[in-house]
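**Q**
Number of protein chains: 2
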Amino acid sequence: MSTATIDKSQQTHFPPADSRDRAKNFVRQLQDEICTGLEELDGKAKFQEDNWTRPGGGGGRTRVIRDGGVFEQGGVNFSEVWGDSLPPAILTQRPEAAGHGFFATGTSMVLHPRNPYVPTVHLNYRYFEAGPVWWFGGGADLTPYYPFAEDAVHFHKTHKEACDKHHPEYYPAFKKWCDEYFYLKHRQEARGIGGLFFDYQDYRGKLYGGPDPNGDAAKYSDRVGEISRNWEDIFAFIQSCGRAFLPAYLTIANRRKDMEWSDRERQFQLYRRGRYVEFNLVYDRGTVFGLQTNGRTESILMSLPPLTRWEYCYSPEAGSREDELYQTFLKPQDWVNWQG
Amino acid sequence: MSTATIDKSQQTHFPPADSRDRAKNFVRQLQDEICTGLEELDGKAKFQEDNWTRPGGGGGRTRVIRDGGVFEQGGVNFSEVWGDSLPPAILTQRPEAAGHGFFATGTSMVLHPRNPYVPTVHLNYRYFEAGPVWWFGGGADLTPYYPFAEDAVHFHKTHKEACDKHHPEYYPAFKKWCDEYFYLKHRQEARGIGGLFFDYQDYRGKLYGGPDPNGDAAKYSDRVGEISRNWEDIFAFIQSCGRAFLPAYLTIANRRKDMEWSDRERQFQLYRRGRYVEFNLVYDRGTVFGLQTNGRTESILMSLPPLTRWEYCYSPEAGSREDELYQTFLKPQDWVNWQG
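Line by line, the protein sequences give chains B and P. Sequence positions in the first sequence follow this note's numbering and run 1 to 340. Sequence positions in the second sequence follow this note's numbering and run 1001 to 1340.
1. Identify the continuous alpha helix (DSSP H) that holds Pro332/B and give its terminal residues.
2. Do you know offhand how far Arg1191/P's Cα is from Arg264/B's?
3. Using a Cβ-Cβ distance under 9 Å, would Leu307/B count as near chain P?
4. Opposite Ala1149/P in the DSSP bridges: which residues?
5. From what residue to what residue does the beta strand (DSSP E) around Glu1049/P run?
6. Are any of the Cβ atoms in chain C nearer than 9 Å to that of Ile227/B?
7. Do the stretch 145-160 of chain B and the stretch 192-202 of chain B touch if we need at least three Cβ pairs shorter than 8 Å?
8. Among the residues of its own chain, which have a CB less than 6 Å from the CB of Arg63/B, if the five just before and after it don't count?
9. Whole angstroms is fine: what's the gap from Leu1301/P's alpha carbon to Thr1287/P's?
10. In the structure shown, what three-state DSSP assignment does Thr1062/P receive?
11. With three or more beta-carbon pairs closer than 8 Å as the criterion, would you say the stretch 1259-1277 of chain P touches the stretch 139-146 of chain B?
12. Whose Cβ in chain P lies nearer than 8 Å to the Cβ of Leu196/B?
13. When burial is assigned at 16 or more other CB atoms within 10 Å of the CB, is Cys1313/P buried or exposed?
14. Closer than 6 Å by C-beta to Trp135/B: which residues in its own chain qualify, once you throw out the five before and the five after it? Chain order, please.
15. With DSSP as the reference, please indicate the residues paired to Phe71/B in a beta bridge.
16. Of all the residues that make up the stretch 1118-1137 of chain P, which are near chain B by a beta-carbon distance shorter than 9 Å?
17. Less than 9 Å between CB atoms is the rule here; does Tyr1312/P satisfy it with respect to chain B?
18. Leaving out five residues on either side along the sequence, give the residues of the same chain with a beta carbon under 7 Å from the beta carbon of Gly137/B.
19. Candidates Gly1069/P, Thr1120/P, Phe1102/P, Ala1045/P: which alpha carbon is nearest Leu1304/P's?
20. Which word fits Arg1272/P, buried or exposed, when buried means at least 16 other C-beta atoms lie within 10 angstroms of its C-beta?
21. Using a Cβ cut-off of 7 Å, pull out every chain P residue sitting near Met302/B, in sequence order please.
22. Glu1278/P versus chain B: which residues are under 8 Å apart at the beta carbon?
23. Going by DSSP, what residue range makes up the beta strand (DSSP E) through Thr308/B?
24. For the ligand NAD, I want to know if Trp1177/P counts as a neighbour, meaning its beta carbon is within less than 8 Å of at least one of the ligand's heavy atoms.
25. Report all residues from its chain with a CB closer than 7 Å to the CB of Pro1179/P; omit the five preceding and five following residues, and keep chain order.
26. Can you tell me where the beta strand (DSSP E) with Ala173/B in it begins and where it stops?
27. For Ala1104/P versus Ser1079/P, is the C-beta spacing smaller than 9 Å?
28. In or out: Gly1083/P buried (at least 16 other Cβ within 10 Å) or exposed?
29. Is the beta carbon of Trp1231/P sitting closer than 9 Å to the one on Phe1014/P?
30. Quick one: which chain P residues come within Cβ less than 8 Å of Ser264/B?
31. The alpha helix (DSSP H) that contains Val1118/P, what's its start and end?
32. For Gly1242/P, which residues from the same chain have a beta carbon less than 6 Å from its beta carbon, with the 5 sequence-adjacent residues on both sides left out?
33. Use the C-beta contact count for Asn1051/P: other C-beta atoms within 10 angstroms, 16 or more gives buried, fewer gives exposed.
34. At least one CB of chain B closer than 9 Å to the CB of Val1064/P: is that the case?
35. With distance defined between alpha-carbon atoms, name the residue in Phe174/B, Ala45/B, Pro87/B nearest to Ile238/B.
36. From which residue to which residue does the beta strand (DSSP E) around Leu1196/P run?
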């Protein structure tokens, strides 16, 4: 299906012959499972599906839910694409891929609930092959509008459990990476309470590179060691993470979805959604990758909220719940050991 | 006031000794004049002013109008900043400025009216000095939500008259540059009906470079000739352009501000405002410059609309006024010779 092939002579730790199909089947199945779970939660709306093809190679299926019982708007995307060469931003990170075709498959999701007490949430798991290199990336992170420590603890603990089944260093490394990646430098704010984020996971086993001096989180650094693992190990880990999403999120959404809210909470939610827009359009690598590779714009920008507002120089009232969000929840915290 | 100085030995066409003060005084006075004219139009709200200083050097005054008779939200900013070096994106365009301090002053404005029949409008005029180089940049462009050809014609004709007083090549070159600059590649749409845009105007007299193959509109190309002019000529041109704004916009706003509108027009306006956000956060050089130079975030993002919405796969009904906007007004047109 693709012109890109792994050059097996270049490495000892190559993927299995059916790596692309297995990765693709998993992310597509994850899209199915998540959509089923979310429709059950929503109780009213159903996902509508668009199938599309990409002129440069490949395609996908975009599913959108709107005007639901819980979700004002949300989308879960699956794609499988290939082409002649990766965009420059990725080649800088993986120069070995230069001159080779690439294959990429993944699922990504953003949900914007109507009730301001239900957090917005994002998930993405992806797999790349290009010439001699392959890697997995992904993660999930939560963006609450109101501060509930038990929700942040539950989201992190559920993902930590998924990680711990595979390696004790995964959660601390990828939690930190998430805090650093989902950061709005121009606001000096975290996007939310974080979760997991990782990229370029391959047999070389470097877990966490931290941001390099140019602000790019994807480069390896001396700060991390290596662990021994192969394609199967990482694929198994990805599956555990992906399947941690529904237990992590449904518990939180069910706790919050019937709480009463007023215009005050709604206005704050609309204001905070502006930060989501700012992050995705200014910083997000997936969005930039999509726009650079002439991706399907409606599927890429499906992550943007249904309604958003900006207000010049807004600042929450000291001591309010909105202020608590800023003071505590928009800064990295050790949520799994939280003693609130 | 600044550590940057023009090295007069490096060029024959240097600016007058008081160039910085004159440029600054002009853009600051333009801010005053525009605010006065807009308050009169609005009839209800007044601009509120914030004075701020920039840690790296300089400062500004930001003026915001909200919940007015005409304007839902809008801002007019003045700034005068200096520092040790220009950001990389500008140095790529003006390598002569490398290793030198810089001085920059300008005024910028974005207005978001409430009535969907009144267009959103943007203006920016700016002046830079850095080592051996100096230049003016700026322009104004109109973003209507509903298609009124007479408004587009008036906006363009008023700016053409201001240009024609200085050089007959100005309007055609800068109208074209505007069409190319305010273009959303990922949507394949113009931001609005354009106006004027230019950058790097100096004694070298290159008027229009067009986008280079990398998509940067600021590089000179062989497609344009040179005209003879000096600092005074360009400064006089900038003043004419800046002072064309009120006559251009007030006529249009007065035509439209009392037209009745319903939820249909409001929803379309909110949707189209999303494109303004996408352009400013993904493509706009002024926004990127501001964020790169640790500018004042609230002043930079003052351009974003008060309320915005995104809708997956929206498409206007064929033959509707919304469709006419897409078919005719979001594509470059020869508005001064329009025979609609």
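Glycine residues also receive a C-beta, built at the ideal position from the N, C-alpha and C atoms. Computed from a predicted structure; not experimentally measured.
**A** Well, looking at it:
1. Counting from one through the first sequence, the residue named residue 332/B turns up at place 332. First-last for Pro332/B: undefined, no H or E at that position.
2. Here residue 1191/P refers to the residue found at position 191 of the second sequence. Here residue 264/B refers to the residue found at position 264 of the first sequence. Rounded to whole angstroms, Arg1191/P and Arg264/B show a C-alpha spacing of 33 Å.
3. Along the first sequence, one-based indexing puts residue 307/B at 307. Yes, its Cβ sits closer than 9 Å to a Cβ of chain P.
4. Stepping through the second sequence from its first residue, residue 1149/P is reached at position 149. Paired residue(s): none; Ala1149/P is not in a bridge.
5. Looking up residue 1049/P in the second sequence gives position 49. Counting along the chain, the beta strand (DSSP E) containing Glu1049/P begins and ends at 1048-1053.
6. Looking at the structure shown, chain C is missing, and the protein chains on hand are B and P.
7. Cβ pair count under 8 Å is three or more, so yes.
8. As a first step, residue 63/B must be located in the first sequence, where it is residue number 63. Excluding residues within five positions, the ones whose Cβ falls inside 6 Å are Cys35, Phe47, Glu49, Val76.
9. Along the second sequence, one-based indexing puts residue 1301/P at 301. Along the second sequence, one-based indexing puts residue 1287/P at 287. About 8 Å.
10. The residue given as residue 1062/P occupies position 62 in the second sequence. In the three-state scheme derived from DSSP, where H, G and I count as helix and E and B as strand, Thr1062/P is classed as strand.
11. No, the stretch 1259-1277 of chain P is not in contact with the stretch 139-146 of chain B.
12. Indexing the first sequence from 1 puts residue 196/B at position 196. Those within 8 Å of Leu196/B in chain P number zero; the least Cβ separation is about 26 Å.
13. Here residue 1313/P corresponds to residue number 313 of the second sequence, with the count starting at 1. Flag for Cys1313/P reads exposed.
14. Looking up residue 135/B in the first sequence gives position 135. Closer than 6 Å at Cβ, skipping near neighbours: Phe128, Tyr200, Gln201, Asp202.
15. The count along the first sequence starts at 1 and reaches residue 71/B at position 71. Partner(s): Pro113/B.
16. Listed in chain order, the positions of the stretch 1118-1137 of chain P with a beta carbon within less than 9 Å of a beta carbon of chain B would be empty, since no residue qualifies.
17. Numbered from 1 along the second sequence, position 312 holds the residue referred to as residue 1312/P. Under the 9 Å criterion on CB atoms, Tyr1312/P is classed as interfacial with respect to chain B.
18. For the purposes of this step, residue 137/B is identified with residue 137 of the first sequence, where counting begins at 1. Cβ neighbours of Gly137/B beyond the five flanking positions: Arg126, Phe198, Asp199, Tyr200, Gln201.
19. Position 304 of the second sequence, counted from the start, is the residue given in the question as residue 1304/P. Leu1304/P has its Cα closest to that of Thr1120/P, out of Gly1069/P, Thr1120/P, Phe1102/P, Ala1045/P.
20. As a working note, residue 1272/P is residue 272 in the second sequence. So Arg1272/P counts as buried.
21. Here the question's residue 302/B lines up with position 302 in the first sequence. Identification of chain P residues near Met302/B by a Cβ-Cβ cut-off of 7 Å yields Tyr1312, ordered along the chain.
22. By 1-based counting over the second sequence, the position of residue 1278/P is 278. Under the 8 Å cutoff, chain B gives Leu281, Leu301.
23. Against the first sequence, residue 308/B aligns to sequence position 308. Annotation: the continuous beta strand (DSSP E) that includes Thr308/B extends over 307-309.
24. Ligands in the displayed structure: none, and consequently the ligand NAD is not present.
25. Here residue 1179/P refers to the residue found at position 179 of the second sequence. Sequence check: residue 1179/P is Asp here, not Pro. Around Asp1179/P: Ala1190, Gly1194, Pro1332.
26. Here residue 173/B is taken as the residue at index 173 of the first sequence, counted from 1. Per DSSP, Ala173/B belongs to no beta strand (DSSP E); it is in the alpha helix (DSSP H), 170-181.
27. The residue given as residue 1104/P occupies position 104 in the second sequence. The residue given as residue 1079/P occupies position 79 in the second sequence. The answer is yes: Cβ separation under 9 Å.
28. Residue mapping note: residue 1083/P aligns to position 83 of the second sequence, counting from 1. So Gly1083/P ends up on the buried side.
29. Taking the first residue of the second sequence as 1, we reach residue 1231/P at position 231. Taking the first residue of the second sequence as 1, we reach residue 1014/P at position 14. Closer than 9 Å, so yes.
30. Residue 264/B sits at position 264 when you count from the first residue of the first sequence. The question names Ser, but residue 264/B in the sequence shown is Arg. Result: empty, since nearest Cβ-Cβ is about 16 Å, beyond 8 Å.
31. The count along the second sequence starts at 1 and reaches residue 1118/P at position 118. Taken as a continuous stretch (DSSP letters only), Val1118/P belongs to no alpha helix (DSSP H), as it is neither H nor E.
32. Taking the first residue of the second sequence as 1, we reach residue 1242/P at position 242. Result list for Gly1242/P: Leu1030, Tyr1125, in chain order.
33. To locate residue 1051/P, count along the second sequence from 1; it is residue 51. So Asn1051/P counts as exposed.
34. Translated into positions along the second sequence, residue 1064/P becomes position 64. Chain B contact via Cβ: present.
35. Position 238 of the first sequence holds residue 238/B. Taking only the C-alpha atoms, the option nearest Ile238/B is Phe174/B.
36. Position 196 of the second sequence, counting from 1, holds the residue named residue 1196/P. Here the beta strand (DSSP E) through Leu1196/P covers 1194-1201.
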